[in-house]
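8 protein chains.
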Amino acid sequence: MDVLDKKILEMLEINARESFATIGKEVGLSAPAIGKRVRQMEEEGIIEGYALKVNHEKLGIETKAYITLVIHRGPSGTTGTQKHIEAIEAMEEVQRCDRITGDDCLCVLGYFRNNKHLVSFLEKIAVYGASKTSIILEV
Amino acid sequence: MDVLDKKILEMLEINARESFATIGKEVGLSAPAIGKRVRQMEEEGIIEGYALKVNHEKLGIETKAYITLVIHRGPSGTTGTQKHIEAIEAMEEVQRCDRITGDDCLCVLGYFRNNKHLVSFLEKIAVYGASKTSIILEV
Amino acid sequence: MDVLDKKILEMLEINARESFATIGKEVGLSAPAIGKRVRQMEEEGIIEGYALKVNHEKLGIETKAYITLVIHRGPSGTTGTQKHIEAIEAMEEVQRCDRITGDDCLCVLGYFRNNKHLVSFLEKIAVYGASKTSIILEV
Amino acid sequence: MDVLDKKILEMLEINARESFATIGKEVGLSAPAIGKRVRQMEEEGIIEGYALKVNHEKLGIETKAYITLVIHRGPSGTTGTQKHIEAIEAMEEVQRCDRITGDDCLCVLGYFRNNKHLVSFLEKIAVYGASKTSIILEV
Amino acid sequence: MDVLDKKILEMLEINARESFATIGKEVGLSAPAIGKRVRQMEEEGIIEGYALKVNHEKLGIETKAYITLVIHRGPSGTTGTQKHIEAIEAMEEVQRCDRITGDDCLCVLGYFRNNKHLVSFLEKIAVYGASKTSIILEV
Amino acid sequence: MDVLDKKILEMLEINARESFATIGKEVGLSAPAIGKRVRQMEEEGIIEGYALKVNHEKLGIETKAYITLVIHRGPSGTTGTQKHIEAIEAMEEVQRCDRITGDDCLCVLGYFRNNKHLVSFLEKIAVYGASKTSIILEV
Amino acid sequence: MDVLDKKILEMLEINARESFATIGKEVGLSAPAIGKRVRQMEEEGIIEGYALKVNHEKLGIETKAYITLVIHRGPSGTTGTQKHIEAIEAMEEVQRCDRITGDDCLCVLGYFRNNKHLVSFLEKIAVYGASKTSIILEV
Amino acid sequence: MDVLDKKILEMLEINARESFATIGKEVGLSAPAIGKRVRQMEEEGIIEGYALKVNHEKLGIETKAYITLVIHRGPSGTTGTQKHIEAIEAMEEVQRCDRITGDDCLCVLGYFRNNKHLVSFLEKIAVYGASKTSIILEV
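Residue numbers (the numbering used here), protein chains in the order written: chain A, 4 to 142; chain B, 4 to 142; chain C, 4 to 142; chain D, 4 to 142; chain E, 4 to 142; chain F, 4 to 142; chain G, 4 to 142; chain H, 4 to 142.
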């Protein structure tokens, strides 16, 4: 990665749909040269993909919450933490799911249609552990 | 928003750089028709932008952490919480900054080059409040 | 609901037994007109009922307490939270029972004849979860 | 207070606007006799008033929360806790305000139009102490 | 109980072995009159007994601790809290055992020969609940 | 201290007003011999005094509480902890005051006429630190 | 132990491989005299051994953490705490393992190759209790 | 570092005073060859020194404790955390002092002659922050 790659990444971070021509004009390269560099960063795994930034409120999301989950463990302490994370990450309400230090727990960021939806989600994830919920207050 | 708009959003969520032609073929519309619908969703604020998904580890990020910040308040309880959030969100290490319920606090998600970088960040945000740090353990 | 309805509600909030005649004089309507508006607010569910404000101390209540209850869950995390709330709300000591954020718990406001009565209540609700008690100190 | 008074209280607790005639029929006394007993319970302070039960959601309340408030104290520990409670109880959002055991704090039950309203309330009461918020999740 | 009884209690609180003659001289009554009053306070249960104040350090006590004990409950929440308290109070190390508000727990004040003795006590009471220990630091 | 001294202590612990004659009969010594041994244990500081066990409820105590007090410290961390303890121990409501491990705090056991009395005590000790109160629930 | 022994210990604490000749020159004794004194301190158990101070980072340690472990107990509260400590102390990642006051727990200091290694260690010790992790941030 | 260096480190970890001749015999090298390798590991900073393992109890240590210290910060949040750590590490009672995640704090391991010594240490470090103490219970 050189200075030009960094510049390309910066422009794509502002607008991931930016045309290679526009980027090229800014950077001083041709569109195909930009395309080649982008494909290489994709192949190297530096660029993992292109995501949409939607307005969740306009799509019906009224409640956002951080939920920490102290993991239940079996009688011998055995657990399938990695499997739990994968199952939780696959739920449609879940934006992120991270294992964090402190109490042995997962931190889940979830988006919900309303508080009722949040409550039913809490019931659903209760099989994995004891939850603690903090609602995000947009200010 | 109708069923076609939803389908378009779904495809852009998988790949925000998808060409309108490809989306159109899937949805049964022409590329210009897709473009028109996308522009309308942009104008309505449903689509807020297009983001890059980069591999932060490959860009030199070794430490990711959630930091909660109980806000300092002046002798009369006055505070500029909204200003604090804006100042913190503008820091390059910060991915998210949310006001949450529970103790009167902010929840910051930050990415850092290493633990030393995290420590200097903690010193920097100490002007805003008392911090509590949980490191993300990739599993 | 218009301005007159709001005025009627305000007067009933001060004294729910206020006669429609007195309210009418204040509002500038006849007693039957007030009666019609009140019945409509009852039918729309805006007015749910009329409650007595009694002095609980004079009726033998010496101990009031907030009790939070972290819900017990079965081995598979299953629970009948909704049923628990209904069972607890039906107890004569219980004034309110709300599910709240934070630790996955219920918040119960209870009135008791004395501390002994509170202790026997704590034993009774122990089947639903682990309790934490804060006594209300009248000042 | 005798058995008849108890019966009268019970009927008024179900419907505080019940006519004395209806109560009398149930209890086996004339309407004036019921009226006399009710006035005596009012004079003795057993009956403190008659309250309206409104549906707050229909009146625009979207957010209900318990807020505990650890009281700020001056450099010499002096405080006007009693005054704080009175000031907080006088706020229109506040349903209850109790001093409770545990950490030296107040427990406030507040009803708010929405989360934004709650946040501005939190800013307002920050002059009295450090707050901790639990949202009520209707289930 | 009159003023003289109060005076007698005060003198016995300073020295519970004080002779009735000495107390009588102070109070202005004969020794038998004091004896009669003391016996009556014993019969009324005002005076429950006479205790020795020993120097525990000189009797080999090196470690004093407050131990709170969150009570274990069976699968149906049943418990024999009263029995637990009696069993714990009967242990020779235990000076006090009180049920307290907050987390559903007992507060035990224990005196131990040394830290090893404290540890074996903690193992012993683990059958009743989860313990938390605070050592008393004589200053 | 020999076996006989231990036996004497045990008898005085059951009843600190026991006559030396009765103790002597049990132990196999004369009353003066018992008196000599007791005086020696007093001189050695093993026996520190004789205390009255009164029934506090019968003397008007309705509220007993453990109060922990995290000590306020000046801007440079200086404190007069030892002085604080002495001032608190001298208050008539205070039965014990111990410095304990955990959060840098004092543990106070206090007896109060009622909750109002407790509240005024909490206001009084607020100059020394931030308090946390647990009411004793007699069972 | 006399003043010379103390001086010898001080020099060995700075450099445990210091030759007896060098120590002797400093202390004013012959090398054999130093050797004799050192052997006696070894025999008395004052000197337990000689340890290497290695730079763990240079040997591949990226993550150091304190982990507290609230001990699991069987249905009857029985436990083999002493055995647990021995098992944990024998693990190669463990530098210290202490039973501490507060919640009934062990405090483990562990050194790990990286966060992944720490996570697998946490899974391993989950059989002994519920863990809480604090990462050491070198500053 | 090769396999032989690792073997040398292992032997020195068991006994840091082991002679190079003995190590050489085990490893299959001459004493001077061992000496050369050890000196090189010293120069590379892999070996930082040689420490004494003393029995602290025999040297008069009765109390060992972990003390966490939430750092005081000035009105603008400024602090000299690094300086604090250095000042604390220089105290003779301190074995370790680490900055850790969780609440913004230091973790101090201290050895003390007795509880009185610990208390005076707590007073001394109160200038740096709010302390929390856990006594180590040798088992």
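Glycine included, each C-beta is placed from N, C-alpha and C at the ideal position.
With a cut-off of 8 Å on the beta carbons, I'd call residue 108 of chain D and residue 73 of chain D a contact; round off their distance for me. Here residue 108 of chain D is taken as the residue at index 105 of the fourth sequence, counted from 1. Here residue 73 of chain D is taken as the residue at index 70 of the fourth sequence, counted from 1. The C-beta distance from residue 108 of chain D to residue 73 of chain D rounds to 5 Å, short enough to meet the 8 Å contact threshold.
Contact set between the region 50-65 of chain D and chain B, restricted to residues whose Cβ is under 7 Å from the partner: So the list is empty, because no residue satisfies the distance condition.
Residue of E/29, E/140, E/95 minimising C-alpha distance to residue 126 of chain H: Within the eighth sequence, the letter at position 123 stands for residue 126 of chain H. The shortest Cα separation from residue 126 of chain H among E/29, E/140, E/95 belongs to E/140.
Does residue 84 of chain B come within less than 8 Å of chain D when only Cβ atoms are used? As a working mapping, residue 84 of chain B is identified with position 81 in the second sequence. Yes, because at least one Cβ of chain D sits closer than 8 Å to the Cβ of residue 84 of chain B.
Sequence-distant residues of its chain with Cβ nearer than 8 Å to residue 19 of chain B (five each side left out): Within the second sequence, numbered from 1, the residue matching residue 19 of chain B stands at position 16. The answer, listed in chain order, is 53, 54.
Could you tell me the distance, in whole angstroms, from the CA atom of residue 62 of chain A to the CA atom of residue 49 of chain B? Counting from 1 along the first sequence, the entry for residue 62 of chain A is found at position 59. Counting from 1 along the second sequence, the entry for residue 49 of chain B is found at position 46. Whole-angstrom Cα-Cα distance: 7 Å.
Would the region 36-47 of chain E and the region 6-15 of chain E be scored as touching if the rule is three or more Cβ pairs under 8 Å? Touching, yes.
Which residue wins for smallest C-alpha separation from residue 111 of chain B, given the options B/130, B/88, B/58? The residue labelled residue 111 of chain B in the question sits at position 108 within the second sequence. Cα-wise, what sits closest to residue 111 of chain B is B/88.
Given this structure, state the Cα-to-Cα distance separating residue 121 of chain F from residue 37 of chain D, to the nearest angstrom. Indexing the sixth sequence from 1 puts residue 121 of chain F at position 118. Indexing the fourth sequence from 1 puts residue 37 of chain D at position 34. Between residue 121 of chain F and residue 37 of chain D, the alpha-carbon positions lie close to 41 Å from each other.
Any C-beta of chain G within less than 8 Å: which residues of the region 103-128 of chain B qualify? Those residues of the region 103-128 of chain B that come within reach of chain G (Cβ to Cβ, closer than 8 Å) are 118, 119, 121, 122.
Identity of the residue in H/75, H/86, H/116, H/39 nearest residue 95 of chain H by Cα: Taking the eighth sequence and counting its residues from 1, one reaches residue 95 of chain H at position 92. Closest by alpha carbon: H/116.
Element boundaries [alpha helix (DSSP H), containing residue 11 of chain A]: Position 8 of the first sequence, counted from the start, is the residue given in the question as residue 11 of chain A. Where residue 11 of chain A is concerned, the enclosing alpha helix (DSSP H) stretches over 6-17.
Whole angstroms is fine: what's the gap from residue 4 of chain A's alpha carbon to residue 28 of chain A's? Here the question's residue 4 of chain A lines up with position 1 in the first sequence. Here the question's residue 28 of chain A lines up with position 25 in the first sequence. Between residue 4 of chain A and residue 28 of chain A, the C-alpha separation is close to 19 Å.
Any beta carbon of chain C sitting closer than 8 Å to that of residue 16 of chain D? Numbered from its first residue, the fourth sequence carries residue 16 of chain D at position 13. At least one CB atom of chain C sits nearer than 8 Å to the CB of residue 16 of chain D.
Contact set between residue 139 of chain E and chain F, taken where Cβ atoms lie within less than 9 Å: On the fifth sequence, position 136 is the one that residue 139 of chain E refers to. Within 9 Å Cβ-Cβ: 101, 102, 103, 104, 110.
What's the C-alpha gap between residue 76 of chain A and residue 136 of chain A? Looking up residue 76 of chain A in the first sequence gives position 73. Looking up residue 136 of chain A in the first sequence gives position 133. Roughly 20 Å between the two C-alpha positions.
Nearest-angstrom Cα distance between residue 31 of chain A and residue 51 of chain B? Here residue 31 of chain A refers to the residue found at position 28 when the first sequence is read from its first residue. Here residue 51 of chain B refers to the residue found at position 48 when the second sequence is read from its first residue. Residue 31 of chain A and residue 51 of chain B have their C-alpha atoms some 28 Å from each other.
Endpoints, alpha helix (DSSP H) assigned at residue 40 of chain E: Looking up residue 40 of chain E in the fifth sequence gives position 37. Its alpha helix (DSSP H) spans residues 34-46.
At a Cβ threshold of 8 Å, is residue 131 of chain C touching chain D? Locating residue 131 of chain C in the third sequence gives position 128, where the first residue counts as 1. It does not; no Cβ of chain D falls within 8 Å.
Residues bridged to residue 136 of chain H by DSSP? In the eighth sequence, the residue the question calls residue 136 of chain H occupies position 133. According to DSSP, residue pairing for residue 136 of chain H in a beta bridge involves F/105, H/70.
Residue 57 of chain H: first and last residue of the uninterrupted beta strand (DSSP E) it sits in: By 1-based counting over the eighth sequence, the position of residue 57 of chain H is 54. For residue 57 of chain H, the uninterrupted beta strand (DSSP E) segment begins and ends at 50-57.
CA-CA distance, residue 106 of chain G and residue 70 of chain H? Counting from one through the seventh sequence, the residue named residue 106 of chain G turns up at place 103. Counting from one through the eighth sequence, the residue named residue 70 of chain H turns up at place 67. Between the alpha carbons of residue 106 of chain G and residue 70 of chain H lies a gap of roughly 15 Å.
So, helix, strand or coil for residue 27 of chain H, using DSSP? Within the eighth sequence, numbered from 1, the residue matching residue 27 of chain H stands at position 24. Reduced to three states, the DSSP call for residue 27 of chain H is helix.
Output yes or no for whether 8 Å exceeds the beta carbon distance between residue 138 of chain G and residue 104 of chain H. Counted from its first residue, the seventh sequence places residue 138 of chain G at position 135. Counted from its first residue, the eighth sequence places residue 104 of chain H at position 101. Contact: yes.
Any beta carbon from chain D within less than 8 Å of residue 42 of chain C's own beta carbon? Translated into the one-based positions of the third sequence, residue 42 of chain C becomes position 39. It does not; no Cβ of chain D falls within 8 Å.
Taking 6 Å as the limit between beta carbons, can you name the residues of its chain near residue 67 of chain D, skipping five residues before and five after? Counting from one through the fourth sequence, the residue named residue 67 of chain D turns up at place 64. Here the set comprises 114, 139.
Partners in chain A for residue 67 of chain G, counting only beta-carbon separations shorter than 7 Å: Taking the seventh sequence and counting its residues from 1, the one referred to as residue 67 of chain G is at position 64. In chain order: nothing, as chain A lies at least about 12 Å away.
Quick one: is residue 136 of chain A near chain C, going by C-beta distance under 8 Å? As a first step, residue 136 of chain A must be located in the first sequence, where it is residue number 133. Among the residues facing chain C, residue 136 of chain A is included, as its CB has a counterpart in that chain under 8 Å away.
Does the CB of residue 76 of chain G have a neighbour CB from chain E at under 8 Å? Residue mapping note: residue 76 of chain G aligns to position 73 of the seventh sequence, counting from 1. Closer than 8 Å: yes.
Taking just the CA atoms, how far does residue 40 of chain A sit from residue 34 of chain A? By 1-based counting over the first sequence, the position of residue 34 of chain A is 31. By 1-based counting over the first sequence, the position of residue 40 of chain A is 37. C-alpha of residue 34 of chain A to C-alpha of residue 40 of chain A: approximately 10 Å in a straight line.
First and last residue of the uninterrupted alpha helix (DSSP H) at residue 22 of chain H: Reading the eighth sequence from its first residue, position 19 is the one you call residue 22 of chain H. No alpha helix (DSSP H) holds residue 22 of chain H; DSSP gives it neither H nor E.
For residue 22 of chain C, which residues in the same chain have their Cβ closer than 8 Å to its Cβ, ignoring the five residues on either side in sequence? Reading the third sequence from its first residue, position 19 is the one you call residue 22 of chain C. Answer for residue 22 of chain C: 34, listed in chain order.
For residue 99 of chain F, list the residues DSSP reports as bridge partners. If you number the sixth sequence from 1, residue 99 of chain F lands on position 96. Residue 99 of chain F is bridged by DSSP to F/112.
Residue 132 of chain G, buried or exposed, once every other Cβ within 10 Å from all chains shown has been counted against 16: Sequence index remark: in the seventh sequence, residue 132 of chain G carries index 129 (1-based). By the beta-carbon neighbour count (other beta carbons within 10 angstroms, threshold 16), residue 132 of chain G is buried.
What residue range is occupied by the uninterrupted alpha helix (DSSP H) comprising residue 90 of chain H? Taking the eighth sequence and counting its residues from 1, one reaches residue 90 of chain H at position 87. Per DSSP, the continuous alpha helix (DSSP H) segment holding residue 90 of chain H begins and ends at 84-92.
Distance, Cα to Cα, residue 130 of chain D vs residue 59 of chain B? As a working mapping, residue 130 of chain D is identified with position 127 in the fourth sequence. As a working mapping, residue 59 of chain B is identified with position 56 in the second sequence. Cα-Cα distance, rounded: 42 Å.
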